[in-house]
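Engineer:
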Amino acid sequence: MKWHLLAVGQRMPAWAQAAYDDYAKRFPAEARVHLHTVKAEPRSGGKPPEVLMAAERQRLEAACPKGARIVVLDERGERCTTRELAQRLLDWQRDGRDVAFLIGGPDGLDPGLRASADHRLRLSDLTLPHALARVLLIEQLYRAWSLNTGHPYHRE
1 MKWHLLAVGQ RMPAWAQAAY DDYAKRFPAE ARVHLHTVKA EPRSGGKPPE VLMAAERQRL
61 EAACPKGARI VVLDERGERC TTRELAQRLL DWQRDGRDVA FLIGGPDGLD PGLRASADHR
121 LRLSDLTLPH ALARVLLIEQ LYRAWSLNTG HPYHRE
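Using our numbering, you'd call the opening residue of the sequence shown number 1 and step up by one each time.
#1: Give a yes or no on contact between the segment 110 to 128 and the segment 65 to 81, applying the rule of three or more CB pairs nearer than 8 angstroms.
#2: Please name the residue, chosen from L90, M12, G104 and G77, that lies closest to A54 on a Cα-to-Cα basis.
#3: Taking C-alpha atoms, which residue in S146, G108, D110 and H130 lies nearest to Q17?
#4: Going by beta carbon distance, what residues of the same chain come within less than 7 angstroms of V33, once the five residues before and after it are set aside?
#5: Is it buried or exposed, E56, if we count other Cβ atoms within 10 angstroms and call 16 or more buried?
#6: Could you give the residue range of the beta strand (DSSP E) that holds A7?
#7: Grab the span of the beta strand (DSSP E) containing E78 for me, first residue to last.
#8: Unbroken beta strand (DSSP E) runs of length 3 or more, entirely within the segment 17 to 97: which are they?
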């Protein structure tokens, strides 16, 4: 099983990229998170958000590994603790499918994509910038992986 993070938007602020890279390099080779970025649809031209999200959906679906379990990050998604995320990762690992975590663009994810996802996950009740969402996700994946491998990273 491989983990993939698919995100709309190719450029992150330097601080966010540095934080993301710091967590990404902590994973061993067999547990790496593979980052795939797709171009955001240009916001000029007065296109309605539905058109923008549909275009970004096509790019995300094209970048998604075939047969992967789709987990969308969404403000309406399910809340879970780090321990619950760790357990889900173990459960998902048992079925052997890759897991693709999807982060939408400035307008969010296409409603059809959200509806068709295997899981909808919420990182916070707060509104987060997309760059920070990437950092929070990889940090939580690292923390969950650490729990599952007995690493003393998580403290309660």
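The beta carbon of each residue, even a glycine, is placed where N, CA and C say it ideally should be.
Structural biologist: On the basis of the coordinates in this document:
#1: yes
#2: As a position in the sequence shown, residue 54 is number 54, starting the count at 1. Out of L90, M12, G104 and G77, G104 has the C-alpha closest to the C-alpha of A54.
#3: Translated into positions along the sequence shown, residue 17 becomes position 17. The shortest Cα separation from Q17 among S146, G108, D110 and H130 belongs to H130.
#4: On the sequence shown, position 33 is the one that residue 33 refers to. Closer than 7 angstroms at the Cβ level, and outside the excluded window around V33, lie W3, L5, A24, F27, I138 and L141.
#5: Along the sequence shown, one-based indexing puts residue 56 at 56. Looking at its Cβ environment, which holds 16 or more other Cβ atoms inside 10 Å, E56 is buried.
#6: Looking up residue 7 in the sequence shown gives position 7. Start and end: W3 to V8.
#7: Along the sequence shown, read from residue 1 onward, the residue named residue 78 stands at position 78. Unbroken beta strand (DSSP E) run through E78: R69 to E78.
#8: 33 to 38 and 69 to 78
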